[in-house]
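Read through the structure below, which is laid out as structure tokens, and then see the notes.
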Amino acid sequence: MAEKTEKATPKKLRDARKKGQVAKSQDFPSAFTFATSIFGVIVAGSFLYKNLASYIVMT
């Protein structure tokens, strides 16, 4: 495939954006999902730990 020697014109870039032909990074959604999952595990873990500790103390 031949390399392009000139940059795309602003009109071509606009047209490509309108058609949805833009580079999309999967890094942000993946990082957001990872951070949300870690937060959920921490919150659920502390809740379960407190309940389990109180159950053990009562028995």
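For the sequence shown, UniProt numbering assigns the number 1 to the initial residue and increments by one for each residue that follows. Ideal Cβ placement from N, Cα and C applies to all residues, glycine included. Just so you know, these numbers come straight off a predicted model, no measurement behind them.
*Three-state secondary structure assigned by DSSP to Val-41*: helix
_Whole angstroms are fine: how far does the CA of Lys-18 sit from the CA of Glu-3?_
24 Å
*With respect to the alpha helix (DSSP H) encompassing Ala-16, which residues constitute its N-terminal and C-terminal limits?*
10-18
*Go ahead and pull the three-state DSSP assignment for Ser-46.*
helix
*asked:* Please report the distance separating the alpha-carbon of Ile-56 from that of Phe-28.
replied: 42 Å
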